[in-house]
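*Asks:*
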Amino acid sequence: MPGRNFNSGGQASKHLKNMLHDPNRVYVFDTTLRDGEQVPGCQLTTPEKIEIARELEALGVDIIEAGFPISSPGDFQSVVEISKAVSHPIVCALTRANKGDIDAAVESLQYAKRPRIHTGIGSSDMHIKTKFNSTREEILERAVEAVKYAKKSVEDIEFYAEDAGRADVHYLAQMVEAVIAAGATVVNIPDTNGYCLPNQYGDKIRFLKENVKNIDKAIISVHCHNDLGLATANSIAGLQNGARQIEGTINGIGERAGNTSIEEVVMILKTHQLGLHTNINARNFYEISQLVRTQMRMPVQPNKAIVGSNAFAHSSGIHQDGFLKNRENYEIIRPEDVGFPSATIVLTARSGRHALKHHLERLGYNLDKNELAEAYKNFLTLADNKLDITDEDLTMLVAGSNISV
Ligand code: KIV
Ligand code: ZN
Numbered sequence: 117m118p119g120r121n122f123n124s125g126g127q128a129s130k131h132l133k134n135m136l137h138d139p140n141r142v143y144v145f146d147t148t149l150r151d152g153e154q155v156p157g158c159q160l161t162t163p164e165k166i167e168i169a170r171e172l173e174a175l176g177v178d179i180i181e182a183g184f185p186i187s188s189p190g191d192f193q194s195v196v197e198i199s200k201a202v203s204h205p206i207v208c209a210l211t212r213a214n215k216g217d218i219d220a221a222v223e224s225l226q227y228a229k230r231p232r233i234h235t236g237i238g239s240s241d242m243h244i245k246t247k248f249n250s251t252r253e254e255i256l257e258r259a260v261e262a263v264k265y266a267k268k269s270v271e272d273i274e275f276y277a278e279d280a281g282r283a284d285v286h287y288l289a290q291m292v293e294a295v296i297a298a299g300a301t302v303v304n305i306p307d308t309n310g311y312c313l314p315n316q317y318g319d320k321i322r323f324l325k326e327n328v329k330n331i332d333k334a335i336i337s338v339h340c341h342n343d344l345g346l347a348t349a350n351s352i353a354g355l356q357n358g359a360r361q362i363e364g365t366i367n368g369i370g371e372r373a374g375n376t377s378i379e380e381v382v383m384i385l386k387t388h389q390l391g392l393h394t395n396i397n398a399r400n401f402y403e404i405s406q407l408v409r410t411q412m413r414m415p416v417q418p419n420k421a422i423v424g425s426n427a428f429a430h431s432s433g434i435h436q437d438g439f440l441k442n443r444e445n446y447e448i449i450r451p452e453d454v455g456f457p458s459a460t461i462v463l464t465a466r467s468g469r470h471a472l473k474h475h476l477e478r479l480g481y482n483l484d485k486n487e488l489a490e491a492y493k494n495f496l497t498l499a500d501n502k503l504d505i506t507d508e509d510l511t512m513l514v515a516g517s518n519i520s521v
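Every position in the sequence shown, counted from 1, becomes a number in the numbering used here once 116 is added.
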């Protein structure tokens, strides 16, 4: 954009140099405020976005995609204000591959300490023909032009090859090679429609890694949607095949069935020895999940991995007994490691004696074997007729029996 140039910090090359020092570091790119906020009903005010951006900074994300500035004055202003509000993360603004979008993004990033432009265009024949009514050659040219134009103002340029999941891998490789030559520092390979199987997506990333000239001059990024419930699996497959940036959202919110859940990917990397690590403070996950849920008015399904209300609740007798003997029988992540209040032993008609004993002891009742047998019989009658067994119910149960306390 004439008269503006934030291309002086050398941040992108610093990023790449860091990566060369630690090839196993995975960069986390959060798009809760852009791809997540596109969801109907999830729109946020600028102050709400700033609050989430500050929590994302505390979480330790490397990049915050703050918005799509050309889309509305409000989104433009949010990028401006988020740029002022955070210090450490790169602040990124989305554009299509045209000068107007890029100019707006450059303008909106004027206060960012570490600005990034995220520009791109469709890469599948489906998008090229039916979305752009164009040809592969023409689209390649537009991609390169957009990167070159953005590069005049901002050093750190991420290019997205939309619908890469369904794109011909040879054409995709040609496009990725051309945009790196034009100055892209990160190349995003989105599975925009959540179409790929993990092995297909992983193979695509490996093909690019092995066949694109100068691929080591850029970071490969994975951006997977969840239409078939495979977003997290595909992101992990991408990382296992050479990608070093993962894009996603808190609680997995996003277009249609959502994006990759950042909390899931990070905890997979912590749980399995894949040799990869992030800079994320996982203990902040539960808190930020609750914040996003509340601000965006988007409930989190109870069985959602890592942050759902049942993620650490044990309810069947067999599981409860095993858990009470050794929590690792049924717990691969400790709730405190993701900031979750605590594991719970939920009393239901499927609970066993061990769980009842555990709760009665917690309330100060130490019953002998016969007393426990009687209490358990009465408990089952109650639990068959009442969904939520409270401490008060347990106290009444003991008081109303022949048990001496
Ligand atoms: O899903 C997608 O392809 C996107 C791009 C704009 C990165 O969100
Ligand atoms: Zn997306």
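Beta carbons: idealized from backbone N, C-alpha and C, even for Gly.
Going by DSSP in three states, Y311 sits in which element: helix, strand or coil?
*Replies:* Coil, per DSSP.
*Asks:* Pair every Cβ in the region 340-355 with every Cβ in the region 302-313, then say whether three or more of these pairs are closer than 8 Å.
*Replies:* The region 340-355 vs the region 302-313: in contact.
*Asks:* If you run the structure through DSSP and keep just helix, strand and coil, what is I378?
*Replies:* Residue state, collapsed to three classes: helix.
*Asks:* So for V514, helix, strand or coil by DSSP?
*Replies:* Three-state result, V514: helix.
*Asks:* To the nearest angstrom, how far is it from the Cα of Q406 to the Cα of S431?
*Replies:* Roughly 23 Å separates the two Cα atoms.
*Asks:* On the CB-based measure, 16 or more other CB atoms within 10 Å of its CB, does I434 come out buried or exposed?
*Replies:* Result: exposed.
*Asks:* Buried or exposed for T497, please, with buried defined as at least 16 other CB atoms from any protein chain shown within 10 angstroms of its CB.
*Replies:* Classification for T497: exposed.
*Asks:* Would you mind giving the Cβ-Cβ distance between I198 and K165, rounded to the nearest angstrom? I have them listed as a contact below 8 Å.
*Replies:* Right, their Cβ atoms sit about 6 Å apart.
*Asks:* Work out the CA separation of F323 and G374 for me, nearest whole Å.
*Replies:* If you take the alpha carbons of G374 and F323, they lie about 26 Å apart.
*Asks:* With 16 other CB atoms within 10 Å as the buried threshold, where does R413 fall?
*Replies:* Counting Cβ neighbours within 10 Å, R413 comes out exposed, since fewer than 16 surround it.
*Asks:* Based on DSSP bridge pairs, tell me the residues matched to N304.
*Replies:* Y276 and S337, per the DSSP bridge assignment.
*Asks:* Considering just the uninterrupted stretch of the alpha helix (DSSP H) at V222, what are its terminal residues?
*Replies:* Its alpha helix (DSSP H) spans residues K215 to S224.
*Asks:* Which residue from A491, N501, E508 and L503 puts its Cα closest to that of S86?
*Replies:* Because the chain is modelled from 117 through 521, residue 86 falls outside the range shown and cannot be assessed.
*Asks:* Within its chain, find whatever has a CB closer than 7 Å to the CB of D178; leave out the 5 residues flanking it on each side and keep chain order.
*Replies:* Within the same chain, D178 has close Cβ partners Y143, V144, F145, P205, I206 and N395.
*Asks:* Taking Cβ positions, are E379 and I366 nearer each other than 8 Å?
*Replies:* For E379 and I366, yes; Cβs fall inside 8 Å.
*Asks:* Given a threshold of 16 other Cβ atoms within 10 Å of its Cβ, counted over all protein chains shown, does E278 qualify as buried or as exposed?
*Replies:* By the neighbour-count rule (16 or more Cβ atoms within 10 Å), E278 is buried.
*Asks:* Which residues in the same chain as K252 place their Cβ atom closer than 7 Å to its Cβ, once the five residues preceding and following it in sequence are excluded?
*Replies:* Checking the displayed sequence, the identity of residue 252 turns out to be Arg instead of Lys. If we look at R252 and ignore the five residues flanking it on each side, its Cβ neighbours are I244 and Y287.
*Asks:* Could you compute how far the alpha carbon of H474 sits from the alpha carbon of E173?
*Replies:* Rounded to whole angstroms, H474 to E173 spans 40 Å at the Cα level.
*Asks:* Leaving aside the five residues before and after V202 along the sequence, list all residues of the same chain whose C-beta is less than 7 Å from its C-beta, in chain order.
*Replies:* Here the set comprises A169, R170, E173 and I180.
*Asks:* Would you report the Cα separation of A280 and H388, rounded to the nearest angstrom?
*Replies:* Looking at the two C-alpha atoms, the distance is approximately 28 Å.
*Asks:* Within the present structure, is the beta-carbon of L210 separated from the nearest heavy atom of the ligand KIV by less than 7 Å?
*Replies:* The answer is yes for L210.
*Asks:* In three-state terms, what does DSSP make of D453?
*Replies:* Residue state, collapsed to three classes: helix.
*Asks:* Could you work out which residue in G370, N400 and E371 is closest to V382 when comparing CA atoms only?
*Replies:* Ranking G370, N400 and E371 by Cα distance to V382 puts N400 first.
*Asks:* Could you compute how far the alpha carbon of Q361 sits from the alpha carbon of G455?
*Replies:* Computed Cα separation, rounded: 24 Å.
*Asks:* Which partner residues of V144 appear in the DSSP bridge assignment?
*Replies:* Note: V144 sits in a beta bridge opposite I362.
*Asks:* May I ask you to verify whether the region 440-459 touches the region 477-484, counting CB pairs closer than 8 Å and requiring at least 3?
*Replies:* No: the two stretches stay apart, fewer than three of their Cβ pairs being nearer than 8 Å.
*Asks:* Below 8 Å on the Cβ atoms is my contact criterion, and I expect F275 with V263 to pass it. Report the Cβ-Cβ distance as a whole number of Å.
*Replies:* Their Cβ separation, rounded to whole angstroms, is 6 Å, which keeps F275 and V263 in contact under 8 Å.
*Asks:* Within 10 angstroms of its Cβ, does Q417 collect 16 or more other Cβ (buried), or is it exposed?
*Replies:* That one is exposed.
*Asks:* Buried or exposed: where does H234 fall if 16 or more other Cβ atoms within 10 Å of its Cβ makes it buried?
*Replies:* It is buried - the Cβ of H234 has at least 16 other Cβ atoms within 10 Å.
*Asks:* With a CB to CB cut of under 7 Å and the five nearest residues on each side skipped, what residues in its chain are close to G358?
*Replies:* Closer than 7 Å at the Cβ level, and outside the excluded window around G358, lie I321, R322, K325 and I336.
*Asks:* Tell whether a beta-carbon distance below 8 Å holds between T147 and E363.
*Replies:* Yes. Within cutoff.
*Asks:* So who's on the other strand from C208, going by DSSP bridges?
*Replies:* According to DSSP, C208 bridges with E181 and R232.
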